[in-house]
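A short write-up of the structure that comes next.
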Amino acid sequence: EIEPSANEPLPPGYSIEYMNRNYHVYFHGEPTGKYGTDPRKAREIISRMKDGKVVARFMMAHDVSTPAKRQETYKPYLHVYDPSGALRLTKGPGFEYTHHRGIMIGFMKITVDGKTYDRWHMVKGDQVVTAVKPTTDGFVASIDWQGATAQDKPILTEERAFVFSKPSAPFYFGIELTTALKPDHGEAKIDGDPEHAGAQFRPSEKIEGAKTTYVYPGNDVLIHKVRDLTWVAEVFTIEGKTFTALLLNHPSNPKDTAFSAYRDYGRFGAFPKGVATPEAPFKLHYKWLLAEGDVRDAAAFQQAYNAFAGTNEPTPAVTVMLAEQPKPKAPAKK
């Protein structure tokens, strides 16, 4: 049973705290009961290791009081940090591609009742957290994916669950994500493209793009064409410090999944597509593992995948690719 912790005071402005197996979970908002918080009045959830270091922040505010506030808060996402808890590794709103934020989920083409909605760029509609509840090692967020207006019924409802873990070396932090998306009637076609859909990880705006490198399982992998990779790793540098992020793709995920893992700014992830109904939700299951330094350890990557997927596959050869760099800008016309 999860019980609020009485061992240490809440941070200023935090109204309720839970102690789970490995983490303190702080809900920044007004509680509605012993095990709940009102997401309409909440800004974020902070998860801390028992030593007090911040490992993740789930940003779930939704404020439509001004266009600027709406842009800052139109989708929930997860920030992650370095082992010290001081360096944010993921990007928030603003900067290049404001809609790229932390660990996020979105799809550019969602078709319901003959109408298509963009819930990647958040065109005329938002993802709104309606409830949150703690679990043994994380939390679950209930999320409405809005239609054309806030008054319309959601085109999709989602249950997004995070489980945090302390993995074995070389990794220092694990984030497991499961989600289920469904319409309230009929069917929803969930689609997009590898650049604008799926479950993706976006490093900080301070990334040094010229150094970003990707590692794929297999010889001579053509990342723009390959499908259903078991894992993909990214090596990225922020403020002079290098980290490795490993994405694990569970075998239960939709087949024919493409990957975007080649950009210098570091956004990478999986692009599945499919159809959801009330009886058969669109389900996804991924895990990210973070390590300090440039880790290109295929054996460690495969071992992590085998443990996640329940398989016993051998260590593969790998393809290492420096991120595609932006094309030089054309000289200004005189």
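Going by the numbering used here, the letters in the sequence shown line up with residues 19 to 352, in that order. Yeah, the Cβ is synthetic: ideal placement off N, Cα and C, and Gly gets one too.
According to DSSP, residues forming a beta bridge with residue i
| i | result |
| --- | --- |
| Ser183 | Gly192 |
| Gly287 | Gln218, Ser278 |
| Thr295 | Beta-bridge pairing links Thr295 to no other residue. |
| Tyr323 | DSSP, once it has assigned bridges, lists no residue as partnering Tyr323. |
| His303 | Thr196 |
| His97 | Arg75 |
| Ala309 | Phe189, Thr262 |
| Ser102 | According to DSSP, Ser102 bridges with nothing at all. |
| Leu174 | Trp163 |
| Tyr135 | Ile128 |
| Val147 | Ile161 |
| Lys207 | Thr129, Val293 |
Neighbourhood of residue i by C-beta, 8 Å cutoff - its chain only, sequence neighbours within 5 removed
| i | result |
| --- | --- |
| Arg438 | Residue numbering for the chain in the displayed model covers 19 to 352; residue 438 lies beyond these limits and cannot be assessed. |
| Leu266 | Thr248, Trp249, Tyr304, Lys305, Trp306, Leu307, Ala322, Tyr323, Phe326, Ala327 |
| Glu114 | Glu223, Tyr283 |
| Thr134 | Lys127, Ile128 |
Same chain only: Cβ atoms within 6 Å of residue i, ignoring 5 sequence neighbours per side
| i | result |
| --- | --- |
| Ile123 | Ala217 |
| Lys207 | Thr129, Val293 |
| Gly156 | Phe180, Val181, Phe182 |
| Thr329 | none |
| Pro101 | Tyr190 |
Three-way DSSP call (helix, strand, coil) for residue i in this model
| i | result |
| --- | --- |
| Ala168 | coil |
| Glu257 | coil |
| Gly124 | strand |
| Glu90 | helix |
| Pro212 | coil |
| Pro85 | helix |
| Ala335 | coil |
| Gly70 | coil |
| Gly54 | Reliability fails at Gly54, whose pLDDT of 44 lies under 50, so the model's placement of it is uncertain and no value is given. |
| Lys273 | coil |
| Lys229 | helix |
| Ala316 | helix |
| Ala341 | coil |
| Thr248 | coil |
| Asp155 | coil |
| Asn330 | coil |
| Asn237 | coil |
| Thr116 | coil |
Same chain only: Cβ atoms within 7 Å of residue i, ignoring 5 sequence neighbours per side
| i | result |
| --- | --- |
| Lys109 | His118, Arg119, Gly120, Arg220, Pro221, Ser222, Glu223 |
| Lys171 | Gly165, Asp202 |
| Lys93 | Arg119, Met122, Gly124, Met140, Asp144, Gln145 |
| Val72 | Ile64, Arg66, Tyr99, Gly103 |
Minimum C-alpha distance to residue i - residue among the options
| i | options | result |
| --- | --- | --- |
| Ala325 | Val313, Val338, Lys305 | Lys305 |
| Ile64 | Ala86, Asn330, Trp138, Tyr95 | Tyr95 |
| Ile256 | Thr230, Ile241, Tyr280 | Thr230 |
| Gln321 | Ser186, Ala228, Gly311 | Ser186 |
| Leu302 | Lys291, Thr295, Ala317 | Lys291 |
| Val338 | Ala288, Tyr283, Asp238 | Asp238 |
| Val244 | Phe254, Ala288, Ala316 | Ala288 |
| Pro296 | Thr260, Gly204, Pro332 | Gly204 |
| Tyr177 | Val147, Gln343, Gly227 | Note that residue 177 is Glu in the sequence shown here, rather than Tyr. Of the listed residues, the one whose Cα sits closest to Glu177 is Val147. |
| Phe300 | Ala276, Ala279, Asp315, Asn271 | Asn271 |
| Ile193 | Ala309, Pro235, Ala104, Lys347 | Ala309 |
| Ala263 | Pro212, Thr196, Ala251, Lys151 | Ala251 |
| Arg359 | Arg106, Leu174, Thr154, Leu107 | Given that the chain is displayed from residue 19 to residue 352, the structure contains no residue 359 and the question cannot be resolved. |
| Phe286 | Ala317, Ala215, Gly311 | Ala215 |
| Trp163 | Thr333, Ala198, Thr260, Pro152 | Ala198 |
| Gly258 | Gly227, Ala276, Pro235, Tyr232 | Gly227 |
| Leu340 | His268, Tyr232, Gly311 | Tyr232 |
| Asp209 | Lys142, Asp274, Asp69 | Asp274 |
| Pro85 | Val150, Thr154, Ala316, Lys142 | Lys142 |
Integer-rounded CB distance, given that residue j should sit under 8 Å from residue i
| i | j | result |
| --- | --- | --- |
| Tyr280 | Ile225 | Not quite, the Cβ-Cβ distance comes to about 14 Å (not below 8 Å), so this is no contact. |
| Pro235 | Ser278 | In fact, because the Cβ distance is near 16 Å, the residues do not count as touching under 8 Å. |
Residue i: CB within 7 Å of a non-hydrogen atom of the ligand GDP
| i | result |
| --- | --- |
| Thr230 | No copy of the ligand GDP occurs in the structure displayed, which carries no ligand at all. |
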